[in-house]
Amino acid sequence: MHNEPGGSSFDIKGILKAQCNRSPMLFIDRVCECVPGQSARSEKNFTYNEWFFPTHYEDDPNVPGFVLVESLTQSFLMAFLSLPEHFGSRTSFLNIKDATFRRRVVPGDRLVIDSQIASFKRGIARGTSIGRVDGELAVSAEVTIGLPKILEQYKPKT
Amino acid sequence: MSNLDTYTSAFVDAFRVDANQVAALAYQSIEQWDSLGHMQLMSDLEERFDIEMDIDDITDFSSFSKGKEILGKYGVTFDA
């Protein structure tokens, strides 16, 4: 199945349906493998046309760290926003741990991201995302993401 | 580590407060204990005590002291 809630792969049209990030803050191009509720493998192709390269840096263009973390996160989102009940939902960051940068990512690189959910309950997803370029580790992080519409149901009574 | 130590540690870790401050904590008494902080605390407590709380207990969990009462329902006791 392709691009539909519960699907096993998503192109850019499916990604735009499944999550709320939009250009210039959308940092995955394709989800080539997805097991809804468990994992996603995504790709992001960086070309010199990206808005940040001319200034980061003029003489040495490379992808800013925050963009890499956002790429990891957006791939991770697809691992649970692909579930029919959460398709298209808004999300919020709760935590980022151990963001590690091992390799510069430059124009022409394809970042392949493997995202794995460790736990997902009551609207909180925890897990890891690992980005590689040509099979070489580039960036990794542990992320915790919340679904505000679900979290709202568990707020303490005051 | 006693259950009380484990319980206290969960609050210290979730809200970055000193252990001697936790007994007075209640939901929204500090900015860290908001709705998101609450869910992180609930998940952490479930993991530390290997329990799974009902939605009613999660929404009733409004303070450090009330939480001890609620955890008692899951067999987590705080006897000295």
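Protein chains in written order, with our numbering: chain B, 1 to 158; chain E, 1001 to 1080.
Glycine included, each C-beta is placed from N, C-alpha and C at the ideal position.
Collapsing the DSSP output to three states places E:Phe-1064 in a helix.
Between E:Phe-1011 and E:Leu-1041, the beta carbon gap of about 7 Å places them in contact (Cβ cut-off 8 Å).
Distance from the Cα of B:Ile-130 is smallest, within the candidate group B:Thr-100, B:Gly-146, B:Tyr-154, for B:Thr-100. Within the region 1007–1028 of chain E, contact with chain B at the beta-carbon level (separation under 8 Å) is assigned to Tyr-1027, Gln-1028. In chain order, Arg-103 place their CB closer than 7 Å to the CB of B:Glu-136, counting only its own chain and leaving out the 5 sequence neighbours on each side. Relative to the Cα of B:Val-67, the nearest Cα in the group B:Ala-138, B:Lys-157, B:Ser-89, B:Val-31 belongs to B:Ala-138. Taking 7 Å as the cut-off, the Cβ atoms of B:Thr-128 and B:Leu-94 do not count as close. Nearest CB-CB separation between B:Lys-44 and chain E: not below the 7 Å threshold. CA-to-CA, the gap between E:Gly-1067 and B:Ile-12 works out to about 45 Å.
Contact between B:Gly-14 and B:Asn-3 holds: their C-beta atoms lie close to 3 Å from each other, under 8 Å. For B:Leu-26, no alpha helix (DSSP H) run applies, since DSSP gives it neither H nor E. B:Phe-10 counts as buried, since no fewer than 16 other beta carbons sit within 10 angstroms of its beta carbon.
Considering only beta carbons, the part of the region 1052–1065 of chain E lying closer than 8 Å to chain B consists of Ile-1055, Ile-1058, Thr-1059, Asp-1060, Phe-1061, Ser-1062, in chain order. Rounded to the nearest whole angstrom, the CA to CA distance from B:Pro-36 to B:Leu-81 is 8 Å.
Between B:Lys-44 and B:Leu-111, the C-beta gap is smaller than 7 Å, which places the two residues in contact. Counting every other CB atom within 10 Å of its CB across the protein chains shown gives E:Ala-1023 a total below 16, marking it as exposed. Against chain B, the beta carbon of E:Leu-1036 has neighbours under 7 Å at Leu-94, Gly-146, Leu-151, listed in chain order.
Within the model, the alpha-carbon separation for B:Ser-92 versus B:Gly-6 is close to 21 Å. The contact set of E:Gln-1040 on chain B, defined by CB atoms closer than 7 Å, consists of Leu-94 in chain order.
Of the other Cβ atoms in all chains shown, fewer than 16 fall within 10 Å of the Cβ of B:Gln-153; this residue is therefore exposed.
If you compare the alpha carbons of E:Thr-1077, E:Ala-1019, E:Asn-1020, E:Arg-1016 with that of E:Phe-1049, the shortest gap goes to E:Thr-1077.
Secondary structure at E:Ile-1051: coil, using DSSP grouped into helix, strand and coil.
When 9 Å is used as the limit between beta carbons, B:Arg-122 is near these residues of chain E: Met-1039, Met-1042, Ser-1043, Ile-1055, Ile-1058, in chain order.
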